[in-house]
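Just so we're aligned: 276 in numbering that gives the first Met the number 0 is position 277 of the sequence shown, and the numbers increase by one with no gaps anywhere. Backbone N, C-alpha and C define an ideal beta-carbon position, used for all residues, glycine too.
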Amino acid sequence: MTVDTPTLDRLSINLATVRQQWGLREAVEGCARAGIGAIAPWRDQVAAVGLAESARIVRDHGMRVTGLCRGGMFPAATPEGLKAAHEDNLKALEEAVTLGADCLVLVVGGLPDGSKDIRDARRMVEDGIARLLEAAGPAGMPLAIEPLHPMYAADRACVNTLAQALDICDRLGDGVGVAIDAYHVWWDPDLEAQIARAGRAGRILAYHICDWLVPTTDLLLDRGMMGDGVIDLKRLRGLVEAAGYTGLHEVEIFSKDNWWRRDPDEVLATCIERHRDAS
Numbered sequence: 000m001t002v003d004t005p006t007l008d009r010l011s012i013n014l015a016t017v018r019q020q021w022g023l024r025e026a027v028e029g030c031a032r033a034g035i036g037a038i039a040p041w042r043d044q045v046a047a048v049g050l051a052e053s054a055r056i057v058r059d060h061g062m063r064v065t066g067l068c069r070g071g072m073f074p075a076a077t078p079e080g081l082k083a084a085h086e087d088n089l090k091a092l093e094e095a096v097t098l099g100a101d102c103l104v105l106v107v108g109g110l111p112d113g114s115k116d117i118r119d120a121r122r123m124v125e126d127g128i129a130r131l132l133e134a135a136g137p138a139g140m141p142l143a144i145e146p147l148h149p150m151y152a153a154d155r156a157c158v159n160t161l162a163q164a165l166d167i168c169d170r171l172g173d174g175v176g177v178a179i180d181a182y183h184v185w186w187d188p189d190l191e192a193q194i195a196r197a198g199r200a201g202r203i204l205a206y207h208i209c210d211w212l213v214p215t216t217d218l219l220l221d222r223g224m225m226g227d228g229v230i231d232l233k234r235l236r237g238l239v240e241a242a243g244y245t246g247l248h249e250v251e252i253f254s255k256d257n258w259w260r261r262d263p264d265e266v267l268a269t270c271i272e273r274h275r276d277a278s
């Protein structure tokens, strides 16, 4: 599969990539200096500055917000826990709307405390998304289910494949799609067919990139820069774009022992280079 060289205007930086070096204001300013015109902030980064001020910073720098990370974490062991999760997701929705985000990314949550019933957790996820859609639809905010690697099924996300996420989308209808994260889906033997399925349904709302290192020393906080690992990112991007996706490529790297220790301007410069040459 032949793919074009991606250009700088297709690049977004998920602010997790520089979260240990910069707050939201510094990250937006750094991206602007580097010629990067899009970001995806995390809710704690927004909260540290304040929602209104975060929106002003984004607006004043002309930044596109490719997604807000994150809503979700729907399953809970008690009715009170389910109610609290819903209220937090309504708050996340309000934040995404205020920031003008392209979508609200959902990391759906794993097993409730004390549970071994993953089927019930998945039911709670679908019920929670359906309930959130009642507010997200009128607000015009798409919800992007992000399936996570199966190693996170117990604690972070019991939706682990694109097929599972798309099945939920098909049952719930308009207003919900998927965020395809290379780190989480690259291993899936059904990936090509499911990306095509997502494209036919117009469900691809976000595309996140990084690399899988061998060996990986920390399954959460040792993601690789594009080109440093084993994911065939050019092929993956080709599949996503062949499916009709024309959006941005969002670099999202958690790296406590490497990239989070480096000069953040160097990190952004490397992201630009590797986005062009390795993804």
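- Going by DSSP, H274 is part of no beta strand (DSSP E) but of the alpha helix (DSSP H) stretching over 263 to 276.
- Taken atom to atom, the span from the alpha-carbon of D43 to that of E249 is near 19 Å.
- Taking the Cα positions, D119 is about 44 Å away from H60.
- In its chain, beyond the 5 residues on either side, I38, I56, V57, H60, M62 have a beta carbon closer than 7 Å to the beta carbon of V27.
- With contacts defined by Cβ atoms closer than 7 Å, A181 and I230 form a contacting pair.
- Scanning D8, T4, V17, I12 for the CA closest to the CA of P263 turns up V17.
- DSSP, read as helix, strand or coil, puts W259 in helix.
- Per the coordinates, the alpha-carbon of A138 lies some 20 Å from the alpha-carbon of F73.
- Contact between L105 and G70 holds: their C-beta atoms lie close to 5 Å from each other, under 8 Å.
- Of G246, I144, I12, the smallest CA-CA separation from A31 is found for I12.
- DSSP links H248 through a beta bridge to L10, Y206.
- With 16 or more other Cβ atoms inside 10 Å of its own Cβ, T65 counts as buried.
- Residues of the same chain with a CB within less than 8 Å of the CB of G136, apart from the 5 flanking positions on each side, are D173, G174 in chain order.
- W21 is classed as buried because its beta carbon has at least 16 other beta carbons within 10 Å across all chains shown.
- CA-CA distance, A33 to C270, rounds to 10 Å.
- In the displayed model, A241 falls within a helix according to three-state DSSP.
- When L219, L98, V2, L212 are compared, the shortest CA-CA separation from M225 is found for L212.
- Boundaries cannot be given for C157, as no alpha helix (DSSP H) includes it and DSSP labels it neither H nor E.
- The DSSP assignment places 103 to 106, 142 to 144, 175 to 180 as complete runs of the beta strand (DSSP E) inside the region 98 to 180, in order along the chain (cut-off: 3 residues).
- For I194, the uninterrupted alpha helix (DSSP H) run begins and ends at 190 to 199, by DSSP.
- By the criterion of a C-beta distance shorter than 8 Å, V45 is surrounded in its chain by L23, S53, L67, E94, L98, once the five residues flanking it on both sides are discounted.
- Around T245, the same chain offers no residue with a beta carbon nearer than 7 Å, after the five sequence neighbours per side are excluded.
- Counting other Cβ atoms within 10 Å of its Cβ, D210 reaches 16 or more and is therefore classed as buried.
- Using a Cβ distance threshold of 7 Å, V107 and V124 count as a contacting pair.
- Taking a C-beta distance under 7 Å as the contact criterion, R196 and L165 qualify as a contact pair.
- Straight-line spacing of the CA atoms in A76 and A156 works out to 15 Å.
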